[in-house]
Each structure stands twice: as C-alpha cells, then as structure tokens.
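Read top to bottom, the protein sequences are chains C and H. 0 is the number of the first residue of the first sequence in numbering that gives the first Met the number 0; add one for each residue after it. 0 is the number of the first residue of the second sequence in numbering that gives the first Met the number 0; add one for each residue after it. Note that beta-carbon positions come from the ideal geometry of N, C-alpha and C, so glycine has one too. Owing to the predicted nature of the structure, the values given are computational and were not obtained by experimental measurement.
Number of protein chains: 2
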Amino acid sequence: MYLSNFVATGLRNLSKVQISLSSELNIIEGNNAAGKSSLLEGIGLLVSGRSFRTTKNNQIISHNQKEISLFAQFDDSTKIGVSYGHTKSSRKIRLNGNNLNALSKMASIFPVQTLSPESYHLIDSGPGQRRKHLDWLLFHVEHSYKSDWQSFNKVLKQRNSFLRALNGTKSHLDDFLLNSWNLKFVELADVINSKRKNLLSQLLDELRIVLDGMDLCLEGVISVEYHSGNGKTNLVDKLHESLYLDVSRGSTSFGPHKADVKLKIGGRDVKDVLSRGQKKMLINALYLSQTTLLKKLSGKDSLFIIDDFSSELDSVNQLQLVLALKDQKNVQVFISCLDSLVLKPLIKEYNNVKMFHVKHGVISEVTLPT
Amino acid sequence: MYLSNFVATGLRNLSKVQISLSSELNIIEGNNAAGKSSLLEGIGLLVSGRSFRTTKNNQIISHNQKEISLFAQFDDSTKIGVSYGHTKSSRKIRLNGNNLNALSKMASIFPVQTLSPESYHLIDSGPGQRRKHLDWLLFHVEHSYKSDWQSFNKVLKQRNSFLRALNGTKSHLDDFLLNSWNLKFVELADVINSKRKNLLSQLLDELRIVLDGMDLCLEGVISVEYHSGNGKTNLVDKLHESLYLDVSRGSTSFGPHKADVKLKIGGRDVKDVLSRGQKKMLINALYLSQTTLLKKLSGKDSLFIIDDFSSELDSVNQLQLVLALKDQKNVQVFISCLDSLVLKPLIKEYNNVKMFHVKHGVISEVTLPT
C-alpha cells in the first residue's frame with residue numbers, strides 16, 4: 000500500500016501542491032526555509048492525523064489564508080481528505096467520499112513513522128513520550144489494545160474522582176468501595192502491562208537484528224527495561240501503601256499510567272552514555288525495526304518520513320542508515336535533505352525514485368542526479 | 000581574556016587531555032561518538048560551572064573511573080580547577096590555588112555561551128528556560144541584579160510559606176500580614192521587571208544589527224515582548240484577585256517568577272512561523288548579539304562554543320554564520336564539526352587558529368587544511 004497522489008492548498012508557506020508520488024522512495028531537497036518540512040508535515044498530518052511540528056493545528060494554515068485542505072489517494076483508490084479553518088468546528092474529514100467524525104479511523108490505515116530532529120527527544124525526554132510511543136505501536140499491532148487502554152483509563156479516571164471527592168481527608172473513606180476500584184484497577188493494569196512487555200520483547204529482537212547490520216561502536220549489548228509504574232512491590236500492595244498520598248493529591252500515584260521504558264546499554268542508561276550521533280542512529284534503528292514489526296504483526300505497510308536526513312550524522316553513519324533503509328520492504332519512504340548528493344547510494348538501490356525540489360514554497364519534480 | 004591551556008582526566012570517553020589553545024579560533028573535528036562534544040562539555044563545565052549536556056555531573060566521569068579532574072589557565076595566569084568523584088561531598092573547586100565553596104565566583108569570570116542542538120529549544124520550550132537565560136545575562140552585565148534576584152526569591156518563598164500555613168482555607172487569614180508581604184513582593188517585582196525589560200531592549204538593538212548583516216529571508220521585523228507574569232492588570236490588583244487560588248495552591252500564581260519573553264516576527268510568535276533552519280540562525284544571531292552586549296555593559300570577553308556547526312544549516316546559512324562570527328571581537332571561539340572543510344572561509348579571517356582531531360577519545364593537534 001502506498002500514497003500515489005497528494006494535493007494541498009493553504010499549507011504553511013507552500014503554494015498549491017499537486018504531486019504524484021513514488022511507491023518506494025521520494026526525495027525532497029531544498030535550502031533552509033524552502034518548505035521541505037512543511038510538505039512532509041502536510042503528508043504526515045493527513046495520513047496520521049497529527050503534525051510532528053506543532054500541536055496547534057491552525058498554525059499549519061498559511062498566513063492570511065482562511066483554510067487548509069489536504070487530499071490524497073492510495074494505490075488501491077482509497078481517498079482521504081482533511082480540511083479546516085481557524086475554528087475547531089470547521090474541521091471536515093473524509094474517507095472515500097464519506098464524512099468521518101474522528102481521525103483515528105484514518106490514522107489506523109497506514110502507520111506513519113517520522114524521524115525528525117524532535118524524534119530524538121524520545122531518549123532524553125521524560126517517560127510520558129516513551130509510553131505514548133509504545134502505546135501508539137500497540138494500537139497498530141494489537142486490535143484489542145485500544146479497548147483495554149480505554150477501559151483502564153476509564154477506571155483510572157473514576158478512581159481519581161472518588162479520591163478527589165474525599166477532599167483530602169481519609170475520614171469519610173469507604174473501604175469497601177475503594178477496594179472494589181482497586182480490584183478493577185489492578186486487573187486492567189495487568190492486561191496493559193503484560194501486552195506492553197510482550198511487545199517490547201518482540202521489538203527488542205527486531206532492534207538487535209537491525210543493529211547487527213550497523214556498526215555503531217556501541218560498548219555493550221542493548222537491552223530494554225519496562226518499569227511498570229508500581230515501584231518495587233506489586234500493585235495491590237502499592238495502592239494500599241500510597242493511600243494517604245493518593246487521597247491528599249486526589250490522584251493515583253502508581254500504575255501503568257506512570258510506566259516507563261528504559262533503553263540500556265551494558266546495563267547503563269543510553270541517555271547518559273551515548274553521544275548525540277549514536278543516539279540518533281539508535282533511534283533510526285528503532286524506527287526501522289518498528290516497520291518490520293508492524294508488517295509482521297498487523298500486515299501493515301508503513302509510511303516512513305525522515306526530515307533532514309544528514310544533520311548530525313557523519314558520512315559513515317549516513318551510509319549505514321542508507322543501507323539499512325534499502326533493506327526495508329513494505330515501506331514508502333519520504334526523505335528531506337539539504338543536498339541529495341548524500342543519497343546517491345540509496346537511489347541506486349530503488350527501482351522507483353522521485354525527486355522534488357522546493358524553492359520559496361514552490362515544489363517541482365526534478366530528474367534524478369546521475 | 001582567553002583560555003590558554005586545558006587539562007582533563009576522567010572526562011567521559013576521552014583519554015587524558017592536555018592541549019594549548021588558540022586565543023581566537025579552535026576547531027575540533029571528528030566523526031560521531033569520537034569525543035568532540037565531550038571536550039567542549041569539559042571546557043564549558045570548568046569555566047561556567049555547568050554542563051550543557053547533563054544536570055547529573057557524575058555522568059561526566061569516565062565509566063569505571065573514580066573521579067574527574069579539570070584544570071585550565073587563562074592568558075593572565077589565572078588558574079582554575081575542578082575535581083570530583085561520585086559523591087557530592089567530593090567536589091573541590093580551586094581558583095589560583097585557593098579553595099572555593101561555590102562555582103558562581105568562577106562562572107562570573109568568563110561568560111560561556113554554548114550553541115548546541117539543545118540551545119535551539121530556547122524558542123520552542125516553555126517560559127522557564129527563557130527566563131533563566133535572561134537572568135543569566137543579567138547576572139553577568141549588572142552586578143546588583145544578583146542581590147535583587149535573591150531578595151525577590153526570599154520574599155517569594157516567605158509568601159508561599161505563609162500561604163501554605165493557611166492550609167487551604169482563608170478563615171485564618173491575617174490581612175495585615177498578607178498586605179505587608181504583598182507590598183515587599185510588588186516592590187521587588189518592579190525592580191526585577193524593569194531591569195529585565197531594560198536589558199531586553201538593549202539586546203534587541205544588538206540583535207537587529209547582527210540580523211541586518213545576515214539575509215535570513217525573514218518576512219517581517221523581529222521584536223521582543225516581555226510578559227511580566229502579571230496578566231493584564233497591575234501586580235497589586237492581580238495578587239488580590241488571585242488570593243483564593245494562591246491560598247488553595249499554597250503558592251504565588253503571578254509575578255516575575257512566571258514571566259516570559261516572546262520573540263515575534265511581524266507580530267507573530269517566531270515559534271509558529273519560522274522553519275527549523277531559520278530558528279537556528281535566529282538563535283545564532285541572538286548569541287552573537289549577547290557577546291557584544293556582554294563586552295559593552297560589563298567589559299567581559301566571552302567563550303563561545305558551537306557544538307556541531309553545520310547540522311541543519313544549508314551552505315548559504317553556514318557562510319552567513321561564518322561571516323557573522325568573524326566580526327566578533329573579544330570572543331574565544333570553539334567549534335566542533337564533522338568536517339572542517341565548511342570552515343575554510345572562517346579560518347582565513349583569523350590570525351590564530353588551532354585545529355584538533357578527535358578519534359576514539361584521543362585528541363591530537365593537526366595542521367590546518369590549505
């Protein structure tokens with residue numbers, strides 16, 4: 000499955016976009032501020048339902064324009080479209096000509112993975128971003144996870160409301176009622192935790208395969224630790240221990256909503272050990288291993304976006320990334336770069352490559368460098 | 000003033016470092032993970048008292064080593080040294096052979112400005128980082144600011160303790176006592192706000208001069224807005240309005256500790272308008288204008304670190320940065336890069352350039368490319 004056509008009006012600094020795409024590799028080149036990231040942002044937003052650059056969707060509308068309109072067609076004739084203006088209610092989502100209420104239906108068709116300078120925060124950021132990332136992957140590969148996750152979050156919210164209703168004092172606490180919340184809470188937490196652990200173990204297997212094909216000079220073996228958010232004891236005990244804290248805060252301090260995933264190397268946190276370039280290559284490898292897992296577990300192809308390909312990578316690592324990319328099957332790739340020369344070895348490996356040049360917001364298809 | 004010699008043992012992945020430095024331009028080149036950033040981190044940490052890569056100082060100690068030791072000498076024979084092991088109490092700071100208790104004395108000698116991929120978060124991050132940055136500049140250029148800031152923070156803490164002692168209810172509130180805190184609070188807030196505003200206006204003048212020398216294709220005039228953290232009314236009224244909120248939170252919701260600085264272009268937030276490359280160049284210009292201001296207002300030279308010079312910048316912007324750098328007087332520059340070829344036009348402009356190659360943690364001085 001791949002995106003065959005993309006049309007956009009009102010997209011940031013870009014003039015009207017109307018391009019037909021390669022099923023395999025699409026290269027977007029141009030100077031700073033030409034509009035490369037905006038094009039990738041538009042494609043990603045349409046297919047995944049969110050921008051990798053901003054959470055404020057109306058920022059994506061061209062300055063002085065009333066609305067944005069994004070439309071694309073897949074090779075199997077599936078058509079998707081999104082349009083919106085500056086008000087929330089103005090948003091329209093269409094799938095094959097029918098209106099949709101939620102973006103999630105569209106986002107489930109074709110997983111989008113975006114490697115941008117921001118993706119590398121996954122290692123250095125707090126646990127929230129890593130939890131979200133893992134859950135995103137689970138939503139795609141395990142159909143039942145969405146309802147597990149919704150059930151858990153419902154119980155979490157109800158338990159928190161119950162705690163807040165106590166107004167910071169345990170004197171009105173109904174033990175029976177609390178225990179019944181705890182029971183449901185722990186039961187659903189176990190489901191969430193075991194699905195997450197199981198996926199992580201499969202992901203680690205794939206990651207090690209990708210890393211074996213690269214030579215990153217890592218001093219030690221990569222491992223993944225899932226911290227369930229229960230502290231060191233089991234969750235039932237932890238909920239009892241933290242009762243006073245939970246009542247005073249009016250929220251639940253322990254559980255899978257506080258979980259974390261730690262990437263380690265030789266037992267030490269990669270965050271503290273690896274250089275910036277190594278972290279970047281590790282994240283690249285992680286994303287590549289996800290595309291394999293997505294295909295294996297859900298049969299889904301991926302749309303793979305690399306914004307600013309060469310930044311911070313030396314020539315050896317650039318080549319390693321190129322070689323790892325060419326081994327990817329079932330992936331439609333979009334790469335932006337300042338200079339496409341670095342991609343020459345990659346271009347050779349593909350049968351079907353398109354290249355676009357962006358200048359002052361105007362996109363034109365160009366012939367490949369020979 | 001400049002750093003003439005630097006010695007380090009136990010610094011991350013680097014073997015013992017012992018180098019003599021150029022008073023003008025020092026170039027550190029090498030592949031990913033060679034140790035370039037570690038060298039710059041060590042120099043920055045010694046001179047400024049903090050690392051630009053981590054807040055956990057013991058992470059900077061080489062794996063399997065007991066301690067780190069950093070030592071440097073300035074051209075005027077001033078000597079500084081820091082050593083520490085894995086415990087907090089093990090830290091020793093020396094200035095000209097005498098032990099010091101605090102790093103701040105050392106940090107005030109020679110302002111360190113570091114441009115790394117992390118510096119660019121200044122635009123996209125929350126207000127806290129921008130406030131800290133502005134205060135850092137004020138500490139350097141205005142001697143009395145440190146004590147103003149300390150006085151304000153003391154009163155803020157006292158007011159918060161007073162609020163917390165009310166235990167979330169206004170029933171025990173002593174209006175007279177609160178009003179006396181408010182009076183002091185507002186008086187010191189005014190001092191802080193007016194010094195910050197004054198500095199920002201001078202900084203904007205310098206920034207515009209630097210930007211005039213560059214051609215960033217910015218659509219509109221750059222401006223700076225200081226948001227004092229008072230909301231739209233004056234602070235006295237705001238403290239009264241927010242009394243219920245403050246008592247229930249046990250903290251002060253309005254005042255200069257909540258201030259923000261917004262960079263705008265043509266009246267819109269640069270965060271939402273500029274491309275990643277443009278943001279990077281704007282931050283580069285901001286740091287360059289700070290060195291001029293530091294010299295003008297405090298007579299201080301700066302140590303200027305650029306970690307990963309070329310990443311994300313097209314060749315036009317790289318050249319613009321090079322040309323802007325060469326206009327800088329009173330600045331000792333350290334630049335790391337994957338390939339020093341891009342710096343050729345810069346090297347030409349300096350009389351005194353040293354170049355170091357880093358490979359697998361070993362640093363060697365090399366001859367300049369011709």
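Checklist entry - Going along chain C, which residues have a C-beta under 7 Å from H/Leu44? => result Result: empty, since nearest Cβ-Cβ is about 15 Å, beyond 7 Å.
Checklist entry - So the beta strand (DSSP E) C/Met354 belongs to, where does it begin and stop? => result 352-358
Checklist entry - By the 10 Å Cβ neighbour count, where 16 or more other Cβ atoms means buried, how is H/Asn283 classified, buried or exposed? => result buried
Checklist entry - Which whole-angstrom value is the C-beta distance of C/Ser309 and C/Leu337, which I expect to be below 8 Å? => result 7 Å
Next on the checklist: Would H/Ile10 and H/Val16 be called neighbours here (beta carbons separated by less than 8 Å)?
Outcome noted: Note on residue identity: the sequence assigns Leu, not Ile, to residue 10 of chain H. Contact: yes.
Checklist entry - In chain C, which residues lie less than 9 Å from H/Val315 when you measure between Cβ atoms? => result Asn30, Asn31
Item to check | 8 Å Cβ cut-off: residues of chain H touching C/Glu186 | outcome: Ordered by position in chain H, no residue passes the 8 Å Cβ test against C/Glu186, which lies about 35 Å from the chain.
Checklist entry - Straight-line CA distance for C/Ala33 to H/Asp214? => result 14 Å
Next on the checklist: Please tell me whether H/Thr54 has its Cβ less than 8 Å away from any Cβ of chain C.
Outcome noted: no
Checklist entry - At what residues does the alpha helix (DSSP H) containing H/Asn192 begin and finish? => result 174-211
Checklist entry - Closest by CA to H/Leu121, which one among H/Lys261, H/Arg248, H/Arg195, H/Val352? => result H/Lys261
Next on the checklist: By alpha-carbon positions, which one of H/Lys156, H/Leu273, H/Trp135 ends up nearest to H/Val111?
Outcome noted: H/Trp135
Checklist entry - Less than 8 Å separating the beta-carbons of C/Ser36 and H/Arg275? => result yes
Checklist entry - Who does C/Thr113 pair with in a DSSP beta bridge? => result C/Ile304
Checklist entry - Are the segment 218-227 of chain C and the segment 180-187 of chain C in contact at 8 Å, needing three or more beta carbon pairs? => result no
Checklist entry - Using a beta-carbon distance below 8 Å, is H/Gly276 in contact with chain C? => result yes
Checklist entry - In its own chain, which residues sit with a C-beta less than 8 Å from the C-beta of C/Asp147, not counting the 5 before and 5 after it? => result Leu187, Val190, Ile191, Lys194
Next on the checklist: Assuming the contact rule is C-beta atoms closer than 8 Å, H/Asn159 and H/Ser250 should be a hit. Round their C-beta distance to whole Å, please.
Outcome noted: 5 Å
Item to check | Within 7 Å of chain C by C-beta, residues of the segment 198-229 of chain H in sequence order | outcome: Cys216
Next on the checklist: Assuming the contact rule is C-beta atoms closer than 8 Å, C/Val445 and C/Ala323 should be a hit. Round their C-beta distance to whole Å, please.
Outcome noted: For residue 445 of chain C there is no data in the structure shown, the boundaries of chain C being 0 and 369.
Checklist entry - Is the distance from the Cβ of H/Ile79 to the Cβ of H/Ala71 below 8 Å? => result yes
Item to check | Run of the beta strand (DSSP E) containing H/Ala106, from where it starts to where it stops | outcome: Unbroken run through H/Ala106 is the alpha helix (DSSP H), 103-106; no beta strand (DSSP E).
Checklist entry - Can you list, in chain order, the residues of its chain whose CB lies under 8 Å from that of H/Leu162, leaving out five sequence neighbours each side? => result Asp245, Val246, Arg248, Gly249, Ser250, Thr251
Next on the checklist: Could you check whether C/Pro344 and C/Leu312 sit closer than 8 Å to each other, using their CB atoms as the reference points?
Outcome noted: no
Checklist entry - The alpha helix (DSSP H) spanning C/Asp245 covers which residue range? => result 242-248
Checklist entry - By Cβ distance, which residues of its chain are closer than 6 Å to H/Ser19, with the 5 residues on each side in sequence left out? => result Asn4
Item to check | Beta carbon of C/Leu13 nearer than 8 Å to that of C/Leu38 | outcome: yes
Checklist entry - Can you name the residues that DSSP bridges to H/Phe370? => result In the structure as shown, chain H begins at 0 and stops at 369. Residue 370 of chain H is therefore absent and cannot be evaluated.
Next on the checklist: So C/Gln277 and C/Leu217 are supposed to be a Cβ contact under 8 Å. How far apart are they, rounded?
Outcome noted: 7 Å
Checklist entry - If we call anything under 8 Å between Cβ atoms a contact, is H/Gly41 one with H/Met105? => result no
Checklist entry - Which whole-angstrom value is the C-beta distance of C/Ile108 and C/Leu99, which I expect to be below 8 Å? => result Actually they do not touch by this definition, with Cβ atoms about 11 Å apart.
Checklist entry - Taking Cβ-Cβ distances shorter than 7 Å, what residues in chain H pair up with C/Ser124? => result The contacting residues do not exist; C/Ser124 stays about 11 Å from chain H at best.
Checklist entry - Among residues of its own chain, excluding the 5 on either side of H/Ser222, which ones have a beta-carbon nearer than 6 Å to its beta-carbon? => result Lys263
Next on the checklist: Assuming contact is defined by CB atoms lying nearer than 8 Å, are C/Asp306 and C/Ser335 in contact in what I supplied?
Outcome noted: yes
Next on the checklist: Taking a contact to mean a Cβ-Cβ separation below 8 Å, would you say C/Thr77 touches C/Asn57 in this structure?
Outcome noted: no
Next on the checklist: Run through chain H and tell me which residues come within less than 9 Å of C/Pro116, C-beta to C-beta.
Outcome noted: Pro116, Tyr119, Arg275, Ser310, Glu311
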